[in-house]
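Visitor: Residue numbers (the working numbering), protein chains in the order written: chain A, 443 to 696; chain L, 542 to 809.
Glycine is no exception: its CB is placed at the ideal position from the N, C-alpha and C atoms.
None of these values were measured; they are calculated from a predicted model.
Structure below; questions to follow.
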Amino acid sequence: MPADAIVEVKQIGKVYESGVEALAGIDLALPQGRLSTLLGPSGCGKTTLLKIIAGLIPPSRGEVWVKGKKVDGPGPERAFVFQDFALLPWANVLRNVAFGLELRGLPEHERYEIARQHIAEVGLTTFESSYPHQLSGGMRQRVGLARALTVDADIILMDEPFSSVDEQTRRKFQEELLDLLRHKSKTVIFVTHSIEEAAYLSDQIFLLSPRPGTVSRIIKPNIAREGSSPDEIRRDKNYLDTVDEIWQILKRYV
Amino acid sequence: MGFKSITPVRHHSIIPIAPFVWQLISFALFFGMWELAGRWPISFSFPPFSKTLLALLTMIADGSLAKAYLSTLQPLIIGIVLAGILGIGFGIAMGLSRSIEWFSLPIFIVLQAAPMAAIIPLITYMYGIGILSKVLAVVVLAAPVIVMNSYKGIRNTNPSLIQMCRAFLGTKIQEVLKIVLPHAAALIFAGLRLGVAMGFIGIVIAELLITPTGIGDLITYNSSVADYPQMFAAIVSIIVVAALTIHALERLEHRLFPPEIRGLDNAG
């Protein structure tokens, strides 16, 4: 294990109550301050693995270590961004973003002040008092991201955050996500089934094989992101090679 | 960070002129046919609409209707309040605890399906002919639907929201107070509305079967002295009162819990 791994996954296995084996012998080391992606076909258990790291699902075998401590549930150093956004439909954007702090018992004016900063970061200031049903899918996920940023966790776990967002919004969002994370030293674990998304965003990609999920390959796209525009990245030779390399592996599973 | 502003979706409701006119025509047709049928006459005991309306106005004027409602509404309101407190409490307990669910779900499923009016004679036998029996009649009719709705409201909580609450370190108590109960509130209220509807059935059956009081008394008495217009006026009045109450509750429900914030369309 590298010395700077903030999250270590050791020999994780998961067998569902139904007897289906979802994951088998997963080992991961996730470096601090990097964006790592779990990529694989549908049903390879990547979301299950992410939720095990989050402490939302107990593993059947193995251990997860975060910042040198064994995980036995959710913790303050991890924040989760949900695929279906998981926003309170009866609460406005401000309360939704501040909800993590509300659960921690912070007084209202304090948590709203912090929440407002992060609402501004994701560009939703004018929508502070809107309700989720008044927002588009992309905007709802910005709320989900702002909520995760608000609790100031070191590690952000994102479960296919853009899967229910249309392609244009998704690209814009990806660019903004990179831009936002560049200024924060967050460690991000990102689950996706999109090869392009993984190649575009990640410092490190874990390719998972179908059920039971195992790590079949670790790919480190060597893309120079610093100083490159999003369009330059998408034309970068390393980016295109990475996409192709992943596809060559994944197409065996399809 | 570039961000294009989007105006929130608003639903403009155009004043529904056409539907309103249709409703008026519907009422006019109904009362017109009633008037014709009464004048025909299809039965000696079936008064035309005009006579019924006149009888209703007389009963309002001489205060007999108000007196009747005073005594009918008492057990109804006490019964609904009791059924509401017990029913919501029990339904929430069933939704939150597996063992309470196992113990009591079958009972309430049977109670909801059973023709509860059949046990009203039993209630009379056990609790006499006083107000207690009438309150109980309202409770046994209203409680099952309130219990079942509260229970379903709790059980149908979006699992993703519960997971979110846990991921952000919410305690079990916070999970119930901040996620489960707000999520269930709309269904619980709908259960109360259905409970009130059942309560109206309960109280009328009780007043006809146990001892004639209030509206039940007006119906039985006028029927026995063959004052059919007054009898029909009493029947129509309770139907109108029940319908207006339920309608008002429905309006209130829609205002308190608009469908878009109920969380039924959260995904997407």
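Residues of chain L with CB under 8 Å from residue 573 of chain A, in chain order?
Guide: Position 131 of the first sequence, counted from the start, is the residue given in the question as residue 573 of chain A. Chain L residues near residue 573 of chain A: 801, 802.
Visitor: Express the C-alpha separation of residue 764 of chain L and residue 587 of chain L in angstroms, rounding to a whole number.
Guide: As a working mapping, residue 587 of chain L is identified with position 46 in the second sequence. As a working mapping, residue 764 of chain L is identified with position 223 in the second sequence. C-alpha separation (whole angstroms): 11 Å.
Visitor: Listed in chain order, which residues of the stretch 515–536 of chain A have Cβ atoms closer than 9 Å to some Cβ of chain L?
Guide: Contact annotation: in the stretch 515–536 of chain A, residues whose CB is within less than 9 Å of a CB in chain L are 515, 516, 517, 518, 520, 521, 522, 524, 525, 526, 527, 528, 529, 530, 531, 532, 533.
Visitor: According to the neighbour-count rule (16 or more other Cβ atoms, all chains shown, within 10 Å of its Cβ), is residue 545 of chain L buried or exposed?
Guide: What you label residue 545 of chain L is simply residue 4 of the second sequence in a count that begins at 1. Any reading at residue 545 of chain L must be qualified, since the residue scores a pLDDT of 39, below 50, and its modelled position is unreliable; the value itself is stated next. Classification for residue 545 of chain L: exposed.
Visitor: If contact means a Cβ-Cβ distance below 7 Å, which residues of the stretch 479–499 of chain A contact chain L?
Guide: 496, 498
Visitor: Looking at chain L, is there any beta carbon in it that lies within less than 8 Å of the beta carbon of residue 632 of chain A?
Guide: Counting from one through the first sequence, the residue named residue 632 of chain A turns up at place 190. Residue 632 of chain A does not count as touching chain L.
Visitor: Using only the alpha-carbon positions, how far apart do residue 766 of chain L and residue 645 of chain L sit?
Guide: By one-based count along the second sequence, residue 766 of chain L stands at place 225. By one-based count along the second sequence, residue 645 of chain L stands at place 104. Each residue's alpha carbon lies about 47 Å from the other.
Visitor: Buried or exposed for residue 644 of chain A, going by 16 or more other Cβ atoms inside 10 Å?
Guide: Position 202 of the first sequence, counting from 1, holds the residue named residue 644 of chain A. So residue 644 of chain A ends up on the buried side.
Visitor: How many Å lie between residue 498 of chain A and residue 525 of chain A at the Cα?
Guide: Within the first sequence, numbered from 1, the residue matching residue 498 of chain A stands at position 56. Within the first sequence, numbered from 1, the residue matching residue 525 of chain A stands at position 83. Computed Cα separation, rounded: 14 Å.
Visitor: At a CB-CB cut-off below 7 Å, which residues of chain L make contact with residue 546 of chain A?
Guide: Position 104 of the first sequence, counted from the first residue, corresponds to residue 546 of chain A. Result: 710.
Visitor: Between which two residues does the alpha helix (DSSP H) carrying residue 653 of chain L extend?
Guide: Numbered from its first residue, the second sequence carries residue 653 of chain L at position 112. Per DSSP, residue 653 of chain L belongs to the alpha helix (DSSP H) from 639–654.
Visitor: Select from the stretch 591–604 of chain A all residues with a C-beta closer than 9 Å to any C-beta belonging to chain L, and list them in chain order.
Guide: Within the stretch 591–604 of chain A, the residues whose Cβ lies closer than 9 Å to some Cβ of chain L are 593, 599, listed in chain order.
Visitor: Using C-beta distances below 7 Å, list every residue in its chain close to residue 564 of chain A, excluding the 5 sequence neighbours before and after it, in chain order.
Guide: For the purposes of this step, residue 564 of chain A is taken as residue 122 along the first sequence, with counting starting at 1. Hits under 7 Å: 584, 587, 588.
Visitor: Identify the contact partners of residue 542 of chain A in chain L, using a Cβ-Cβ distance below 8 Å as the criterion.
Guide: The residue you call residue 542 of chain A lines up with position 100 of the first sequence. Those within 8 Å of residue 542 of chain A in chain L are 709, 710.
Visitor: Using a Cβ cut-off of 9 Å, pull out every chain D residue sitting near residue 691 of chain L, in sequence order please.
Guide: Considering every chain present, this structure includes no chain D. Its protein chains are A and L.
Visitor: By how many angstroms is the C-alpha of residue 518 of chain A removed from the C-alpha of residue 593 of chain A?
Guide: Residue mapping note: residue 593 of chain A aligns to position 151 of the first sequence, counting from 1. Residue mapping note: residue 518 of chain A aligns to position 76 of the first sequence, counting from 1. Distance between the alpha carbons of residue 593 of chain A and residue 518 of chain A: 8 Å.
Visitor: Since residue 701 of chain L meets chain A, which of its residues come closer than 9 Å, beta carbon to beta carbon?
Guide: In the second sequence, residue 701 of chain L corresponds to position 160, counting from 1. In chain order: 524, 525, 526, 527, 528.
Visitor: Is it true that the CB of residue 623 of chain A sits closer than 8 Å to the CB of residue 480 of chain A?
Guide: Your numbering for residue 480 of chain A matches position 38 in the first sequence. Your numbering for residue 623 of chain A matches position 181 in the first sequence. Not a contact, by the Cβ cut-off of 8 Å.
Visitor: If you draw a straight line from the alpha carbon of residue 507 of chain A to that of residue 606 of chain A, how long is it in whole angstroms?
Guide: The residue you call residue 507 of chain A lines up with position 65 of the first sequence. The residue you call residue 606 of chain A lines up with position 164 of the first sequence. One C-alpha to the other measures close to 31 Å.
Visitor: Which one of L:782, L:762, L:637, L:754 has the shortest CA to CA distance from residue 608 of chain L?
Guide: Taking the second sequence and counting its residues from 1, the one referred to as residue 608 of chain L is at position 67. It is L:754.
Visitor: Mind pulling the alpha helix (DSSP H) runs of 4 or more residues that sit fully within the stretch 690–735 of chain L?
Guide: Counting whole runs of 4 or more residues, the stretch 690–735 of chain L contains the alpha helix (DSSP H) stretches 700–708.
Visitor: Do the CB positions of residue 581 of chain A and residue 566 of chain A come within less than 8 Å of each other?
Guide: The count along the first sequence starts at 1 and reaches residue 581 of chain A at position 139. The count along the first sequence starts at 1 and reaches residue 566 of chain A at position 124. Yes, they are a contact pair.
Visitor: From residue 743 of chain L to residue 606 of chain L, what distance separates their C-alpha atoms?
Guide: Your numbering for residue 743 of chain L matches position 202 in the second sequence. Your numbering for residue 606 of chain L matches position 65 in the second sequence. Between the C-alpha atoms of residue 743 of chain L and residue 606 of chain L there is a straight-line separation of about 19 Å.
Visitor: For a minimum of 4 consecutive residues, which ranges assigned as the alpha helix (DSSP H) are wholly contained in the stretch 546–614 of chain A?
Guide: Whole alpha helix (DSSP H) segments, 4+ residues: 550–563, 579–592.
Visitor: Any contact between the stretch 599–615 of chain A and the stretch 633–644 of chain A? By contact I mean 3 or more CB pairs, one from each, below 8 Å.
Guide: yes
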